[in-house]
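Protein chains: 6
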Amino acid sequence: MPIVQIDLLEGRTLDQKRLLVEKVTQAITESTGAPPESISIIIRDMLKENYAKAGKLASDK
Amino acid sequence: MPIVQIDLLEGRTLDQKRLLVEKVTQAITESTGAPPESISIIIRDMLKENYAKAGKLASDK
Amino acid sequence: MPIVQIDLLEGRTLDQKRLLVEKVTQAITESTGAPPESISIIIRDMLKENYAKAGKLASDK
Amino acid sequence: MPIVQIDLLEGRTLDQKRLLVEKVTQAITESTGAPPESISIIIRDMLKENYAKAGKLASDK
Amino acid sequence: MPIVQIDLLEGRTLDQKRLLVEKVTQAITESTGAPPESISIIIRDMLKENYAKAGKLASDK
Amino acid sequence: MPIVQIDLLEGRTLDQKRLLVEKVTQAITESTGAPPESISIIIRDMLKENYAKAGKLASDK
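Protein chains in written order, with the UniProt record's numbering: chain R, 1 to 61; chain S, 1 to 61; chain E, 1 to 61; chain X, 1 to 61; chain L, 1 to 61; chain Z, 1 to 61.
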């Protein structure tokens, strides 16, 4: 049942994404007891121009 | 006022999306009484490499 | 696989929520072909003071 | 700490996005006291075929 | 059309929320040209135990 | 920069949440290289009546 949404800057490789979902699923199972098959993860790649911190776009830093 | 976000794997046709928003809007109106013009729907198409279940990417299944 | 998030003003009854998830699941299956067991729905009840349109809180209308 | 997600129809220029994140960050700081460096903003550009109101896709209007 | 979701730590007063939605709506209109009546804002109050940075819950800081 | 939103059924203890954010942060750092202090996690506790799978509320199962 846990549904996870991860927004991160674009550029991660397929292998990094494989490792990401494997490790995050394991982390959730170990800490909450939720079985792996109940865990859904959505990854959202963001353009640098679509993320801002302290009022500045990441593409302008 | 109901705001709906639907994340689903990419690949649906324009006609499927037309039917999706028409039917989901109708479903919400019929069940909650919210008028159709108050219902907003956001569809997010996902790459298979950006969705995982049980620690595995959909693109690896 | 479709993951649906529905934000709506608090106050719906349990029966309305039953009907909502039943009808929305059916709407998604009929329009996209996604099997019902693959569809997850999250309902988020909102206080009127936590929703605004045109710069005004719903609780002030 | 405030995390802001803004979904809007695609087509805004980079300058509009610069102004958007600058002004929204300022608005949040002035109204809640949250320091600018604690405010994250995610912008999501939407295709017109991925947004619907009253059961109709924006691309069909 | 812009849909805004703002997650922030609980504890803001009703007046702060009034000012928040008024100023954020104005900021979006001024920067993107979207008319105020097209802008929806969802505020989500978070318990300190439900927000973490650098692996630590805000309630433990 | 990675922003994580985790929706899960209510009932987890504070200690489980501590372990959850610690392990998920570590998992993201190890797989993507993002430094821990750049990772924000939002946990959203859900009532069973607000989550559905295959058209059925979790509270009805």
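Ideal placement from N, C-alpha and C gives every residue a C-beta, glycine not left out.
If only complete runs of 3 or more residues are kept, the UniProt domain "4-oxalocrotonate tautomerase-like" (2-60) of chain S shows the beta strand (DSSP E) at 3-9, 40-46, 51-53, in order along the chain. Excluding five sequence positions before and after Tyr51(R), the CB atoms of its chain that fall closer than 6 Å to its own CB belong to Ala58, given in chain order.
In this structure Gln5(X) touches Ile42(X) by the C-beta definition: roughly 5 Å separates them, less than 8 Å.
Residues of chain E with a Cβ closer than 9 Å to the Cβ of Ser40(R) are, in chain order, Met1, Ile3, Ser40. Gly33(X) and Arg44(Z) have their C-alpha atoms roughly 24 Å apart.
Taking a beta-carbon distance threshold of 9 Å, Ala54(L) does not count as an interface residue toward chain X. For Arg12(R), no Cβ of chain X is located within less than 9 Å of the residue's own Cβ.
The region 18-37 of chain E makes no contact with the region 23-33 of chain Z, as fewer than three CB pairs between them are under 8 Å. If you draw a straight line from the Cα of Glu49(R) to the Cα of Thr25(R), it is about 29 Å long. Within 8 Å of the CB of Glu37(X), the CB atoms of chain R belong to Lys53, Ala54, in sequence order along the chain. By the rule that beta-carbons nearer than 9 Å mark a contact, Leu57(S) touches chain R. Taking the CA atoms as reference points, Ile39(Z) sits about 13 Å from Pro2(X). Within chain R, not a single residue places a beta-carbon under 7 Å from that of Glu30(S); the smallest gap is close to 25 Å. Around Lys23(Z), the beta-carbon contacts reaching into chain R at under 7 Å are Ala27, Glu30, Ser31. For the set Leu9(E), Lys23(E), Asp7(E), Lys61(E), the Cα lying nearest the Cα of Gly55(Z) is the one of Lys23(E). Comparing alpha carbon positions, the residue from Met46(E), Asp60(E), Lys61(E) closest to Glu10(E) is Met46(E).
Measuring C-alpha to C-alpha distances from Glu37(X) to each of Glu37(R), Pro35(R), Pro36(R), Lys53(R) identifies Lys53(R) as the nearest.
A straight line joining the alpha-carbon of Pro35(E) with that of Lys61(L) spans about 44 Å. Proximity of Asp60(X) to chain L, defined by a Cβ-Cβ separation below 9 Å, is not satisfied.
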